[in-house]
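Trainee: Numbering (this note's numbering), first residue to last: 36 to 256.
#1: Determine the closest residue to residue 217 out of 231, 205, 206 and 227, with distance taken between C-alpha atoms.
#2: My output table needs one value for residue 117: the three-state DSSP class, helix, strand or coil.
#3: Less than 7 Å between C-beta atoms, sequence neighbours within five positions excluded: which residues of the same chain meet that for residue 185?
#4: Within the region 97-141, note down every full alpha helix (DSSP H) run reaching 4 residues or more, in order along the chain.
#5: Using C-beta distances below 8 Å, list every residue in its chain close to residue 136, excluding the 5 sequence neighbours before and after it, in chain order.
#6: Which of the three DSSP states is assigned to residue 251 in this structure?
#7: At what residues does the beta strand (DSSP E) containing residue 167 begin and finish?
#8: Please go through the same chain and pick out, in chain order, the residues whose beta-carbon is closer than 6 Å to the beta-carbon of residue 255, but skip the five residues on each side of it.
#9: Going by C-alpha to C-alpha distance, which of 191, 98 and 143 sits closest to residue 155?
#10: Helix, strand or coil: how does DSSP classify residue 66 here?
#11: Of the choices 95, 112, 114 and 246, whose alpha-carbon is the least far from that of residue 71?
#12: May I ask you to report which of helix, strand or coil DSSP gives residue 222?
#13: Less than 8 Å between the CB atoms is what I'm expecting for residue 114 and residue 59, so what's the real figure, rounded?
#14: Taking the C-alpha atoms as reference points, what is the distance between residue 99 and residue 129?
#15: Cα separation between residue 85 and residue 92?
#16: Report all residues from its chain with a CB closer than 8 Å to the CB of residue 104; omit the five preceding and five following residues, and keep chain order.
#17: Can you find the residues in the same chain that come closer than 8 Å, C-beta to C-beta, to residue 64, ignoring five residues on each side of it along the sequence?
#18: Going by other Cβ atoms of all chains shown within 10 Å of its Cβ, with 16 needed for buried, is residue 223 buried or exposed?
#19: Determine the DSSP secondary structure at residue 61, reduced to helix, strand or coil.
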């Protein structure tokens, strides 16, 4: 599936946050949190860092702000954006996803049309059984959310009910910008809108969802 780069949160994060050949030195000593209008902000020596688009780096919850603050506090002599995924995703949510929510939801919903969980292996038998055992409950979980997805036969594309795809889009648009960004980052990684939604709704851990998405690969290792 092709992706429009500006709408892919991980691509946007890699390109957006402090991308430079020049290594930037750490310029702060103290990292703290401050509650204010609109949520929680990280402060560096009392000042709030900005996103690449020069917006304040303000997050909706204290827990989210703490994740970002911990990344800033952990920086050494030089800033390494590669060790700051929460900061990068937060910047993407503020600068990009907030401006293109409908398009991001469309990208997420498109994965429901080709969801990994609808394309189990046909052989060998032990792999077929494992995928049925471990993927089946998540298709049932999705059905309970109003997302009834049909199994494909082999690798032949199986069109899904447009209402099911629309339901995924609806659920995505119910999220705030930060949660939507997280979902949009998880879904392509997993190849599954269902597993992405399960993480977002607290039904499964990210680690387990990743393992579920790699059953075929793990079987062949």
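A virtual CB, placed ideally from N, CA and C, is assigned to each residue, including glycine. Here the structure is a predicted model, which means the values were calculated and not measured.
Mentor: On the basis of the coordinates in this document:
#1: 231
#2: helix
#3: 153, 193 and 195
#4: 97-108 and 120-130
#5: 208, 212 and 215
#6: helix
#7: Secondary structure note for residue 167: it is in no beta strand (DSSP E), and the uninterrupted alpha helix (DSSP H) holding it is 160-179.
#8: none
#9: 191
#10: strand
#11: 95
#12: helix
#13: Confirmed, Cβ separation roughly 5 Å.
#14: Spanning the alpha carbons of residue 99 and residue 129 requires a straight line of approximately 14 Å.
#15: 5 Å
#16: These residues qualify, in order along the chain: 66, 67, 68 and 77.
#17: The residues are 80.
#18: Flag for residue 223 reads buried.
#19: coil
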